[in-house]
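To start, the structure itself, in C-alpha cells.
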Amino acid sequence: MFRLLIVAVAMLAASWVILIILARRLPPGLAKDLATILPACATTARRLRKDPRVPRRAKVAVAIAGLWVLSPIDLIPEFLPVIGPLDDIVVVALALRYAARRTPPDALIDAWPADIRILRRLVPTLPR
Numbered sequence: 122m123f124r125l126l127i128v129a130v131a132m133l134a135a136s137w138v139i140l141i142i143l144a145r146r147l148p149p150g151l152a153k154d155l156a157t158i159l160p161a162c163a164t165t166a167r168r169l170r171k172d173p174r175v176p177r178r179a180k181v182a183v184a185i186a187g188l189w190v191l192s193p194i195d196l197i198p199e200f201l202p203v204i205g206p207l208d209d210i211v212v213v214a215l216a217l218r219y220a221a222r223r224t225p226p227d228a229l230i231d232a233w234p235a236d237i238r239i240l241r242r243l244v245p246t247l248p249r
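Take the position in the sequence shown, starting the count at 1, then add 121; the result is the number in the numbering used here.
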C-alpha cells in the first residue's frame, strides 16, 4: 500500500514537471500567458501576504483565492483539458484585482514575478 502511494505521488510530480517544461516551450501569446498565470499569482500571493504595505482585507482575499486553488472541490473538474483550471484562474484573477485596488501599485509590481504586461491585463488600473 505504501509503495503504491509513493508511486502515485512520483507520477503526479513527474506530470507536473512535464507540464512545466511544455508550458515553457509554448510560443508567446495567450496560451503561454494562461500557462504562467497561476504560478505567478501563487508567488505574488505569497509575497503580498508578507508585505506590510498590503492591507489586511487584501491579504484575506488573496489567502481565500489560494485556498480555492488548493481545494480538491472545483466547479469545473481539473481533469478536463484546457477548461479544467479555468475556475481557479478566474478566482485568482478576481482576488488579485480586489487586492490591487487596495494595495499600493509599487507593492503589487514588486510582488509580481512574471511579465508585467500580464499583470497589466489582470489589473487594467495599474499605472503604466
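Just so it is clear, CB atoms sit at the ideal spot from N, CA and C, and this is done for glycine as well.
Treat the numbers as computed from the prediction; the structure is a model and nothing was measured.
Should residue i and residue j be called a contact, given that it needs their Cβ atoms to be closer than 9 Å?
| i | j | result |
| --- | --- | --- |
| V244 | A216 | no |
| P166 | A186 | Just to set this straight, residue 166 is Ala in the shown sequence, not Pro. In this structure, A186 lies closer than 9 Å to A166 by Cβ. |
| V181 | D209 | no |
| I204 | I194 | no |
| R146 | A232 | no |
| A220 | T246 | no |
When we look at the beta-carbon of residue i and count the other beta-carbons within 10 Å, is it buried (16 or more) or exposed?
| i | result |
| --- | --- |
| D227 | exposed |
| P173 | exposed |
| L229 | buried |
| P248 | exposed |
| V212 | buried |
Between residue i and the rest of its own chain, which residues show a CB-CB distance below 7 Å, the 5 nearest in sequence each way excluded?
| i | result |
| --- | --- |
| R223 | P176, R178, A179 |
| R124 | none |
| I158 | I210, I239 |
| R218 | L243, V244 |
| P225 | R174 |
| D236 | none |
Sorted by chain position, which residues of the same chain lie with C-beta nearer than 8 Å to residue i's C-beta, five sequence neighbours on each side aside?
| i | result |
| --- | --- |
| R170 | K180, V183, A184 |
| A214 | I158, C162, L243 |
If you drop the 5 nearest sequence neighbours on each side, which residues of the same chain put their C-beta closer than 6 Å to that of residue i?
| i | result |
| --- | --- |
| E199 | G205 |
| P234 | A161, T164 |
| R241 | L247 |
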